[in-house]
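J.: Count the sequence shown with mature numbering (1 follows the signal peptide of the UniProt record, and there is no 0) and you get residues -18 to -1, 1 to 176, in order.
One structure is given below, represented as structure tokens, and several questions about it will come after.
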Amino acid sequence: MKKLTHLPYCLIPVLLMAGCTAPSSGLNRDHEDVLNKLVGIEVNTVSDGVEVKLPESALFEFGKSALRGDAVGVLERSVVLLQRSTKPVIVNGYTDSVGTPEYNHRLSVARANAVAGALVARGVPAERVSAKGFAAANPVASNDTPEGRQLNRRTEIIVVGEAMDTLMGAGPAVQLTEPAPSRPADAAATTPVE
């Protein structure tokens, strides 16, 4: 029975490869969202491009900067997304507020560098990738609770100046419809239906 618990992890590379379509072939945003959710990635539009938010718990042990062995799915999915663009990539590392500011800064830089190195090792051109550590700056939740601290320990990849459609495909089509021209009520009743 234990071998069956690893089955979903075995399927991740297969599903990730399913997302390796050329941008010109047309991406399906819903399909891309499913692939991202399988590995815990969130992709959002931000003011300076597109943000790929990685699940910290899937990448690092608490207080460590070495990538976990099972972070492969998250990293490979990230590479699939990043290879659809030619724009600069910035890997931003963040920590919670536990520990000294100096320790948190070193840890955030080390984690950002670890992710940046893994992206380059998997095929993202090194000249496109840079890394920054922000320690406990820019929290997304309160550092007063364990849940909030976990959310603040994160790694975000910014694809500078990129559009969401390039990485994820076109979003749902928005149909703007004009009201139908008015016609007499009896005309509607006599219109043949084919």
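Using N, Cα and C, we set each Cβ at its ideal position, and we do this for glycine too.
With distances taken between CB atoms, is the gap from Thr148 to Arg59 smaller than 7 Å?
T.: Against a cut-off of 7 Å, the Cβ pair of Arg59 and Thr148 comes out as no contact.
J.: Might you give, ordered along the chain, the residues of its own chain that have their beta carbon closer than 6 Å to the beta carbon of Glu138, omitting 5 neighbours on each side?
T.: Counting only Cβ-Cβ distances below 6 Å, and skipping sequence neighbours, we find Glu33, Lys35, Asn74.
J.: With Arg135 and Tyr76 assumed to form a contact (beta carbons below 8 Å), what rounded beta-carbon distance in angstroms separates them?
T.: Sure, about 7 Å apart at Cβ, within 8 Å.
J.: Would you list the one or two residues that DSSP bridges to residue 185?
T.: Beyond the ends of the chain as shown, which are -18 and 176, falls residue 185; an answer cannot be given.
J.: By a C-beta neighbour count over all protein chains shown, 10 Å radius and 16 as the cutoff for buried, is Gly55 buried or exposed?
T.: Gly55 is buried by the Cβ-count criterion.
J.: At which residues does the beta strand (DSSP E) containing Leu63 begin and terminate?
T.: Where Leu63 is concerned, there is no enclosing beta strand (DSSP E), although the alpha helix (DSSP H) it sits in stretches over 54 to 64.
J.: Given this structure, state the Cα-to-Cα distance separating Glu109 from Val91, to the nearest angstrom.
T.: Approximately 18 Å between the Cα atoms of the pair.
J.: With the cut-off set at 7 Å, would you say Asp78 and Arg131 are in Cβ contact?
T.: Yes, these two residues count as a Cβ contact at 7 Å.
J.: Excluding sequence positions up to five away, which residues of its chain have a Cβ less than 7 Å from the Cβ of Arg93?
T.: Only Phe42, Ser47, Gly75, Thr137 meet the Cβ criterion.
J.: If we ignore side chains and look at the alpha-carbon of each, how far apart do Ser7 and Gly115 end up?
T.: Per-residue confidence for Ser7 stands at a pLDDT of 46, beneath the threshold of 50, marking its modelled position as unreliable; the derived number appears in the next sentence. Between Ser7 and Gly115, the C-alpha separation is close to 36 Å.
J.: Alpha carbon to alpha carbon, how far is Pro37 from Val80? Give it in angstroms, no decimals.
T.: Cα to Cα, Val80 sits roughly 19 Å from Pro37.
J.: Do you know offhand how far Ala152's Cα is from Glu14's?
T.: Approximately 10 Å between the Cα atoms of the pair.
J.: May I ask you to report which of helix, strand or coil DSSP gives Val21?
T.: Three-state result, Val21: helix.
J.: In this structure, does DSSP put Asn26 in helix, strand or coil?
T.: In this structure, Asn26 counts as strand in the three-state DSSP scheme.
J.: Looking only at C-alpha atoms, which of Pro70, Val25, Ser39 sits nearest to Pro128?
T.: It is Ser39.
J.: In whole angstroms, what is the alpha-carbon distance linking Phe44 and Val102?
T.: Distance between the alpha carbons of Phe44 and Val102 is about 24 Å.
J.: Could you compute how far the alpha carbon of Asp30 sits from the alpha carbon of Met146?
T.: Rounded to whole angstroms, Asp30 to Met146 spans 11 Å at the Cα level.
J.: Is Ile72 closer than 7 Å to Ser112 when the C-beta atoms are compared?
T.: Yes, the Cβ-Cβ distance between Ser112 and Ile72 is below 7 Å.
J.: Let me confirm a value: Asn120 is counted as buried when at least 16 other C-beta atoms fall within 10 Å, else exposed. Which label applies?
T.: Under this definition Asn120 is an exposed residue.
J.: My assumption, with CB atoms under 8 Å, is that Gly22 sits in contact with Val61. Please give the rounded CB distance.
T.: That belief does not hold up - the Cβ atoms of Gly22 and Val61 are roughly 15 Å apart, past 8 Å.
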